[in-house]
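K.L.:
Residue numbers (the working numbering): 70 to 208.
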């Protein structure tokens, strides 16, 4: 399951994607319209800024705005940032690989082989879906 932080990040990015890209949006506006607790949202937006997904402007007329186009922001990137690995088993994870303690031989492990297929199909979908796809579904 996706963590609340991941869902909130996706909602905030979707909200920003619907706004004019040249106009920064206040945290309070995003929080109220996306129904996200403000303090929680501040942390999420800072993480997104550190990853180069968002930019911010300080002062009057300031706020957050997308640094990338909505179609460039892959859902898989957001999930990995806030939720961790996409793979359901550590032994099949591309970015967070760990050998399973109970496994004697990954090459002959049926569980490993099946969950590699699950991971590959999940990634095929999530890496080809973007924030723009979420926006398009809401129109």
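The C-beta atom is built at its ideal place from N, Cα and C for all residues, glycine as well.
(1) Between the beta-carbon of residue 191 and the beta-carbon of residue 134, is there less than 8 Å?
(2) Between 109, 138, 129 and 130, which lies nearest to residue 123 when the distance is taken from Cα to Cα?
(3) Go through its chain and collect everything with a Cβ distance to residue 198's Cβ below 6 Å, but skip five positions before and after it.
(4) Within 10 angstroms of the Cβ of residue 194, are there 16 or more other Cβ atoms? Answer buried if so, exposed if not.
(5) Between the C-alpha atoms of residue 107 and residue 114, what's the straight-line distance to the nearest angstrom?
(6) Can you tell me whether residue 164 is helix, strand or coil according to DSSP?
(7) For a quick check, are the C-beta atoms of residue 175 and residue 160 less than 8 Å apart?
(8) So, are the CB atoms of residue 96 and residue 77 less than 8 Å apart?
(9) Using the Cβ count rule (16 or more neighbours within 10 Å means buried), how would you classify residue 163?
P.N.:
According to the structure data:
(1) Numbered from 1 along the chain shown, position 122 holds the residue referred to as residue 191. Numbered from 1 along the chain shown, position 65 holds the residue referred to as residue 134. It is not a contact, given that the beta carbons lie outside the stated cut-off.
(2) The sequence position of residue 123 within the chain shown is 54, counting from 1. Among 109, 138, 129 and 130, the Cα nearest to that of residue 123 is on 138.
(3) Start at 1 with the first residue of the chain shown, and residue 198 comes out as number 129. Counting only Cβ-Cβ distances below 6 Å, and skipping sequence neighbours, we find 144.
(4) Looking up residue 194 in the chain shown gives position 125. Exposed, since its Cβ has fewer than 16 Cβ neighbours within 10 Å.
(5) Locating residue 107 in the chain shown gives position 38, where the first residue counts as 1. Locating residue 114 in the chain shown gives position 45, where the first residue counts as 1. Computed Cα separation, rounded: 10 Å.
(6) Taking the chain shown and counting its residues from 1, one reaches residue 164 at position 95. Coil, per DSSP.
(7) Mapped onto the chain shown, residue 175 falls at position 106. Mapped onto the chain shown, residue 160 falls at position 91. Yes; because the gap between Cβ atoms is below 8 Å, this pair is in contact.
(8) Counting from 1 along the chain shown, the entry for residue 96 is found at position 27. Counting from 1 along the chain shown, the entry for residue 77 is found at position 8. The answer is no: Cβ separation not under 8 Å.
(9) The residue given as residue 163 occupies position 94 in the chain shown. Residue 163 comes out exposed.
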